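Asker: One structure is given below, represented as structure tokens, and several questions about it will come after.
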Amino acid sequence: MRRLIAWVARFLVAAREWLKRRIAEILDKHPALAKAIETVERFDEALKPAAEKIKAGDTAVNPHWQWIVVKNPKGRRNGNSFHDFGASVGIKEGAILTVVALDGDQVLVSYASPKGQGYGTEAGNGTLFFVHRYEFVSMTRRFEKLQEKKVLEQGHIMDLLKSTRLA
């Protein structure tokens, strides 16, 4: 048994070294990829202080519709249906997410629909699911930026429509 463990350990060390070399080769051939990785690492470092301060009761605004997995042990009802533990449901843009508990890099949050109550495939109020800490701390700002972008785009489209009518 000791020989097997020693062999597996040597194998894993060799594999790790091979992967390091291979990654270095790929990054040398693709500087844009290396730059993107650097940007992500800087972004992670920038979010780290805020991510470490998250506590139960903190809230964030969901920036866009996305699918999540229900983590309520007994499932959760929405306005017209029931979603079991492990079911995939949607959360709407503008929903309020409240931290219930922390689990390593994950944050267990509770959902509150922006429309008062979810229907159909939307999660019901009180649906629990996990979000990565870094995602949670950036959600509200991303929501605000998307709202600003929408207003600008709506104005641009209105201008296009006005100019089309004048033509």
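Under our numbering, the first residue of the sequence shown is numbered -16, with each subsequent residue one higher. Just so you know, even glycine gets a beta-carbon here, dropped at the ideal spot from N, CA and C. This structure is a prediction, so every number in the text was calculated from the model and none was measured.
1) What does Y94 pair with, by DSSP beta-bridge criteria?
2) Taking contact to mean 3 or more Cβ pairs, one atom from each stretch, closer than 8 Å, check whether the region 117 to 128 and the region 41 to 56 are in contact.
3) With which residues is T42 paired in a DSSP beta bridge?
4) Can you find the residues in the same chain that come closer than 6 Å, C-beta to C-beta, to K54, ignoring five residues on each side of it along the sequence?
5) With DSSP as the reference, label G138 as helix, strand or coil.
6) Which word fits I51, buried or exposed, when buried means at least 16 other C-beta atoms lie within 10 angstroms of its C-beta?
7) Could you check how far apart the C-beta atoms of S93 and V83 are, in whole angstroms? I think they sit under 8 Å.
8) Does the region 97 to 108 come into contact with the region 57 to 73, if we say contact requires no fewer than three beta-carbon pairs (one atom in each stretch) closer than 8 Å?
9) Less than 7 Å between C-beta atoms, sequence neighbours within five positions excluded: which residues of the same chain meet that for K145?
Answerer: A quick look at the data gives this:
1) Bridge partners of Y94 according to DSSP: L80.
2) At 8 Å Cβ cutoff, the stretches touch.
3) According to the DSSP secondary-structure assignment, T42 is paired through a beta bridge with T81.
4) Correct list, in chain order: L111, F112.
5) Shown here, G138 sits in a helix according to DSSP, grouped into three states.
6) The residue in question, I51, is buried, as its Cβ has 16 or more Cβ neighbours within 10 Å.
7) About 5 Å; that satisfies the 8 Å criterion.
8) Contact between the region 97 to 108 and the region 57 to 73 is present, because at least three Cβ pairs lie under 8 Å.
9) Within the same chain, no residue comes within 7 Å of K145 by CB-CB distance, once the 5 residues on both sides are set aside.
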